[in-house]
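To convert, note that position 35 of the sequence shown is 35 in UniProt numbering; the numbers rise steadily by one, no gaps. For each residue, glycine too, the CB sits at the ideal point set by N, CA and C. Quick caveat: nothing in here was measured; it's all calculated off a predicted structure. This report refers to the structure that appears directly beneath it.
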Amino acid sequence: MRGTDFGQRIVNSAFTLGLMVGISVGDTTLGTSVANRGWDEVRFPKPLFHGDTIHLVSEVIELRESKSRPNAGIVTFLHQAFNQHGELVASCKRSGLQLKRPQG
1 MRGTDFGQRI VNSAFTLGLM VGISVGDTTL GTSVANRGWD EVRFPKPLFH
51 GDTIHLVSEV IELRESKSRP NAGIVTFLHQ AFNQHGELVA SCKRSGLQLK
101 RPQG
């Protein structure tokens, strides 16, 4: 695409963040989320292009008890999204209030 720094269309960074976190939910917080506390250190070191394939690595980097809810705790994740070439295209730290056990 002429007139762009990358020569082709890139994926909007807000969409990339939402996609990265959305992909992680099934493996990390589905059925246990009480509240999202926020995202920190959001980075996009390389662009994500239309047609790219991404995969995600998520790691629990901090756990602590909730002071107000004995059945829940604060969990902080590091999420990293990589394109099909193994290049890091997005990362963030995400923390949330999570149930210790799924409801039901």
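Worksheet item: Among 50, 40, 34 and 37, which residue has its Cα nearest to the Cα of residue 12?
Response: By 1-based counting over the sequence shown, the position of residue 12 is 12. Comparing Cα positions, the closest option is 50.
Practice prompt. Measuring only between beta-carbons, confirm whether residue 73 sits less than 8 angstroms from chain B.
Written response: In the displayed structure, chain B is absent; only one protein chain is listed.
Worksheet item: By a C-beta neighbour count over all protein chains shown, 10 Å radius and 16 as the cutoff for buried, is residue 58 buried or exposed?
Response: Counting from 1 along the sequence shown, the entry for residue 58 is found at position 58. In the assembly as shown, residue 58 is a buried residue. Its beta-carbon has 16 or more other beta-carbons within 10 Å.
Discussion item. Based on DSSP bridge pairs, tell me the residues matched to residue 98.
Written reply: Along the sequence shown, one-based indexing puts residue 98 at 98. Answer by DSSP bridge pairing, in chain order: 33 and 73.
Discussion item. Using a Cβ-Cβ cutoff of less than 6 angstroms, which residues in the same chain neighbour residue 16 once the five nearest sequence positions on both sides are dropped?
Written reply: For this step, residue 16 is matched to residue 16 along the sequence shown. Cβ within range, chain order: 48 and 90.
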